[in-house]
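Asks: The working numbering applies: residue 42 is where the sequence shown begins, and numbers increase by one. Backbone N, C-alpha and C fix where the C-beta goes; we use that ideal spot for every residue, glycine too.
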Amino acid sequence: MKYWFLFFAWGILLFPVWSQSHGPTEKDILKKLREGPEEIVWPPYSVEESLAGSKLAPMVQVFIRGRGPFLFLLDTGSDITLFRESLVQETGLPVRVADGELHVTMVDEMMLGDIRFRNFMVGIGSWEGPVDGILGYPLFMKLQLTIDLPRMRYALEPSGEKSSSENTLRMNRVTEGVPSFPVQLGNRPADMIVSSGLSEYIRVPESGLEYFNLKLPPVPAVSTNSFSVDEEVTMARVTDNLVLGEHIVMEPILTIGHSGEYRIGCGLLRYFRVVLDPENKQISFLRNSDIPIEVPPVRQLGFVPGRDERGWIVEKLLPWFSELNLNIQPGDRIQRVESRDAAMLTANDWVELERLNNYLALVLERDGEEIILDVPVRIILP
């Protein structure tokens with residue numbers, strides 16, 4: 042994904058057009074940001090680790106200059122890597138500023154798993170939430186990255202051999218630093234970027250809507266809870282099937298965006314073990330079944346759960362949920378969900394609970410009193 046507009050929305054324009062010719066231009070800096078590390082130091086064994094976050098937002102833990110761990114979103118669709126400003130300050134990384142606006146830094150060493158990445162440039166920004174940064178595609182250009190969302194694992198290893206599997210797609214082109222791969226939606230071919238930082242199924246531009254057969258009119262103003270921003274998007278289900286190699290995804294759901302890029306997000310990646318090998322210009326979609334994938338209805342939980350040092354709380358209510366006048370309010374502490382101890386739930390558990398249930402049985406605590414109720418999970422797209 043591209044994150045430039047996010048920083049503008051938060052009041053921080055990360056990469057403005059420079060008004061003077063002294064020093065490197067914006068184009069020069071962007072080129073450097075899209076380069077991989079100068080050096081990758083491998084351990085004498087393979088690296089495989091657990092993913093943090095959820096199947097819709099895979100995250101990893103990294104160490105910067107021996108400090109950490111820090112929580113980073115893994116986004117193969119981002120053309121740059123970004124660090125939060127507070128992390129840069131904590132680790133003592135030097136900040137490079139031009140015209141008082143452009144903020145970048147050179148990272149001398151970062152450890153992911155037991156692999157050391159040395160000497161690479163990242164952007165700096167500020168945002169809300171627990172994520173300390175975004176690991177973009179440039180970090181993985183010279184290695185093989187496996188993202189196994191069904192098992193919530195990732196692996197890193199040197200680039201392998203070219204695959205002849207029908208489920209391996211060849212890189213068609215590179216658009217602004219990120220590769221795209223050919224897929225088929227019905228009888229319509231499309232080049233799509235694989236974005237592990239995108240929580241949706243497929244994102245297409247408004248200009249591409251006429252290209253696809255919609256099963257129902259688009260559903261407007263659907264709130265999404267992605268890392269980037271709380272945004273409202275338009276969604277629609279199509280009548281055709283998506284073909285990824287030999288895999289078939291039946292009547293997938295599209296999210297209509299404003300950019301001109303076609304992207305596959307974690308809504309679909311969650312079904313696969315994805316092996317990205319930029320050196321060989323290929324990506325593989327692997328799974329243990331050849332049964333076509335049926336995309337379920339899109340459901341929406343009426344409140345946003347948040348976590349503090351004591352466990353999960355009701356952080357905020359969505360407008361449609363507030364209108365139901367249920368005995369639930371922001372600040373309520375969540376004790377149990379579907380007979381499960383809420384303290385043991387992960388972010389991924391909440392994703393699965395929202396996806397699979399029409400109602401959730403909750404036990405809440407407010408001012409020392411216990412509240413038991415069933416709350417609906419709304420179907421927003423059949």
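(1) Among the candidates Val82, Tyr86, Leu115, whose CA atom is the shortest distance from the CA of valine 315?
(2) Closest to asparagine 366 by CA distance: which of Asp415, Ile375, Gly107, Ser206 is it?
(3) Reducing DSSP to helix, strand and coil, say where lysine 357 ends up.
(4) Whole angstroms are fine: how far does the CA of valine 392 sit from the CA of serine 95?
(5) Measure from the alpha carbon of tyrosine 86 to the alpha carbon of each residue in Lys322, Asn398, Ala196, then state which is nearest.
(6) What first and last residue would you give for the alpha helix (DSSP H) that runs through glutamate 90?
(7) If distances are taken between C-alpha atoms only, which option among Leu186, Gly308, Arg244 comes closest to serine 300?
(8) Short of 8 Å in beta carbon distance, which residues of its chain neighbour glutamate 287, apart from the five on each side in sequence? Order them along the chain.
(9) Kindly indicate which three-state DSSP category glutamate 335 falls into: helix, strand or coil?
(10) Under three-state DSSP, which class holds methionine 100?
(11) Excluding five sequence neighbours on each side, which residues of the same chain lie with their C-beta closer than 7 Å to the C-beta of aspartate 155?
(12) Under the three-state reduction of DSSP, which class applies to aspartate 120: helix, strand or coil?
(13) Please classify arginine 396: does DSSP put it in a helix, a strand, or coil?
(14) Quick check: what's the CA-CA separation for proline 423 versus serine 119?
(15) For tyrosine 195, write down the residues that DSSP places opposite it in a beta bridge.
(16) In the DSSP assignment, find the beta strand (DSSP E) that holds glutamate 411 and state where it starts and stops.
(17) With a 10 Å radius around its C-beta and 16 neighbouring C-beta atoms as the bar for buried, classify alanine 384 as buried or exposed.
(18) If you drop the 5 nearest sequence neighbours on each side, which residues of the same chain put their C-beta closer than 6 Å to that of valine 404?
(19) I believe aspartate 173 touches phenylalanine 104 by the beta-carbon criterion, under 8 Å. Please report the beta-carbon distance rounded to the nearest angstrom.
(20) Could you give the first and the last residue of the continuous alpha helix (DSSP H) run that contains aspartate 173?
(21) What is the DSSP secondary structure of methionine 182, counted as helix, strand or coil?
(22) Between arginine 340 and arginine 396, is the Cβ-Cβ spacing less than 9 Å?
(23) Using the Cβ count rule (16 or more neighbours within 10 Å means buried), how would you classify tyrosine 242?
(24) Can you name the start and end residues of the beta strand (DSSP E) that aspartate 349 belongs to?
(25) Nearest by alpha-carbon distance to arginine 328: which of Leu92, Tyr312, Arg157, Cys307 is it?
(26) Could you tell me which uninterrupted alpha helix (DSSP H) segments, each at least 4 residues in length, are contained entirely in the region 289 to 327, listed from first to last along the chain?
(27) Can you give me the Cβ contacts of serine 204 inside the same chain, cut-off strictly under 7 Å, excluding the 5 residues immediately before and after it?
(28) One question on the structure: do serine 237 and threonine 132 come within less than 9 Å of each other, judged by their Cβ atoms?
(29) Taking Cβ to Cβ, would you say arginine 381 is nearer than 9 Å to aspartate 390?
(30) In three-state DSSP terms, what is glycine 249?
(31) Would you mind working out which of Pro110, Glu80, Pro78 sits nearest alanine 93, comparing C-alpha positions?
(32) When the Cβ atoms of the region 340 to 354 are set against those of the region 226 to 234, are three or more pairs found closer than 8 Å?
(33) Kindly indicate which residue of Pro337, Tyr252, Asn160 has the alpha-carbon position closest to the one of isoleucine 294.
(34) For glutamate 406 and valine 355, what's the separation of their Cα atoms in angstroms?
(35) Locate the alpha helix (DSSP H) running through valine 129, then write down its first and last residues.
(36) Does DSSP put isoleucine 70 in a helix, a strand or coil?
Replies: Inspection of the coordinates gives the following:
(1) As a position in the sequence shown, residue 315 is number 274, starting the count at 1. Nearest of Val82, Tyr86, Leu115 to valine 315, Cα basis: Leu115.
(2) Within the sequence shown, residue 366 is the residue found at index 325, counting from 1. Of the candidates Asp415, Ile375, Gly107, Ser206, the one whose C-alpha sits nearest the C-alpha of asparagine 366 is Asp415.
(3) As a working note, residue 357 is residue 316 in the sequence shown. In the three-state reduction of the DSSP assignment, lysine 357 falls in the strand class.
(4) Taking the first residue of the sequence shown as 1, we reach residue 95 at position 54. Taking the first residue of the sequence shown as 1, we reach residue 392 at position 351. Computed Cα separation, rounded: 7 Å.
(5) Numbered from its first residue, the sequence shown carries residue 86 at position 45. Cα-wise, what sits closest to tyrosine 86 is Ala196.
(6) Stepping through the sequence shown from its first residue, residue 90 is reached at position 49. Taken as a continuous stretch (DSSP letters only), glutamate 90 belongs to no alpha helix (DSSP H), being part of the beta strand (DSSP E) at 88 to 91.
(7) Indexing the sequence shown from 1 puts residue 300 at position 259. Of Leu186, Gly308, Arg244, the residue nearest in Cα terms is Arg244.
(8) Here residue 287 refers to the residue found at position 246 of the sequence shown. Closer than 8 Å at Cβ, skipping near neighbours: Glu207, Asn208, Asp331.
(9) Numbered from 1 along the sequence shown, position 294 holds the residue referred to as residue 335. Strand.
(10) On the sequence shown, position 59 is the one that residue 100 refers to. Strand at methionine 100.
(11) By one-based count along the sequence shown, residue 155 stands at place 114. Cβ within range, chain order: Pro84, Val88.
(12) Taking the first residue of the sequence shown as 1, we reach residue 120 at position 79. Residue state, collapsed to three classes: coil.
(13) Sequence index remark: in the sequence shown, residue 396 carries index 355 (1-based). Arginine 396: helix per DSSP, three-state reduction.
(14) Against the sequence shown, residue 423 aligns to sequence position 382. Against the sequence shown, residue 119 aligns to sequence position 78. Taking the Cα positions, proline 423 is about 30 Å away from serine 119.
(15) Taking the first residue of the sequence shown as position 1, residue 195 is located at position 154. Tyrosine 195 has Glu90, Ile188 as its beta-bridge partners, per DSSP.
(16) The residue given as residue 411 occupies position 370 in the sequence shown. Glutamate 411 -> beta strand (DSSP E) spans 410 to 422.
(17) Locating residue 384 in the sequence shown gives position 343, where the first residue counts as 1. When all chains shown are included, alanine 384 counts as exposed.
(18) Position 363 of the sequence shown, counted from the start, is the residue given in the question as residue 404. Taken in chain order, the residues that qualify are Gln376, Arg377, Ile413.
(19) The sequence position of residue 173 within the sequence shown is 132, counting from 1. The sequence position of residue 104 within the sequence shown is 63, counting from 1. Going by Cβ atoms, the distance from aspartate 173 to phenylalanine 104 rounds to 11 Å, so no, they are not a contact pair.
(20) Taking the first residue of the sequence shown as position 1, residue 173 is located at position 132. Note, aspartate 173: premise wrong, no alpha helix (DSSP H); not H, not E.
(21) As a working note, residue 182 is residue 141 in the sequence shown. Reduced to three states, the DSSP call for methionine 182 is coil.
(22) Translated into the one-based positions of the sequence shown, residue 340 becomes position 299. Translated into the one-based positions of the sequence shown, residue 396 becomes position 355. Taking 9 Å as the cut-off, the Cβ atoms of arginine 340 and arginine 396 count as close.
(23) What you label residue 242 is simply residue 201 of the sequence shown in a count that begins at 1. Answer is buried; the Cβ neighbour count reaches 16.
(24) The residue you call residue 349 lines up with position 308 of the sequence shown. Here the beta strand (DSSP E) through aspartate 349 covers 344 to 349.
(25) Along the sequence shown, one-based indexing puts residue 328 at 287. Scanning Leu92, Tyr312, Arg157, Cys307 for the CA closest to the CA of arginine 328 turns up Tyr312.
(26) With a minimum length of 4 residues, the continuous alpha helix (DSSP H) runs that stay inside the region 289 to 327 are 307 to 310.
(27) Here residue 204 refers to the residue found at position 163 when the sequence shown is read from its first residue. Excluding sequence positions up to five before and after serine 204, its CB lies within less than 7 Å of the CB of Gln323, Ser325, all in the same chain and listed in chain order.
(28) Here the question's residue 237 lines up with position 196 in the sequence shown. Here the question's residue 132 lines up with position 91 in the sequence shown. The Cβ-Cβ distance between serine 237 and threonine 132 does not fall below 9 Å.
(29) By one-based count along the sequence shown, residue 381 stands at place 340. By one-based count along the sequence shown, residue 390 stands at place 349. Cβ atoms of arginine 381 and aspartate 390: closer than 9 Å.
(30) What you label residue 249 is simply residue 208 of the sequence shown in a count that begins at 1. For glycine 249, the three-state secondary structure derived from DSSP is helix.
(31) Looking up residue 93 in the sequence shown gives position 52. The shortest C-alpha separation from alanine 93 is found at Pro110.
(32) Contact check between the region 340 to 354 and the region 226 to 234: fewer than three CB pairs, one atom from each, fall below 8 Å, which does not count as touching.
(33) Here residue 294 corresponds to residue number 253 of the sequence shown, with the count starting at 1. That would be Pro337, whose Cα lies nearest to the Cα of isoleucine 294.
(34) If you number the sequence shown from 1, residue 406 lands on position 365. If you number the sequence shown from 1, residue 355 lands on position 314. When rounded, the distance between both Cα atoms is 10 Å.
(35) Residue mapping note: residue 129 aligns to position 88 of the sequence shown, counting from 1. Valine 129 -> alpha helix (DSSP H) spans 126 to 132.
(36) Taking the first residue of the sequence shown as position 1, residue 70 is located at position 29. Looking at isoleucine 70 - three-state DSSP - the assignment turns out to be helix.
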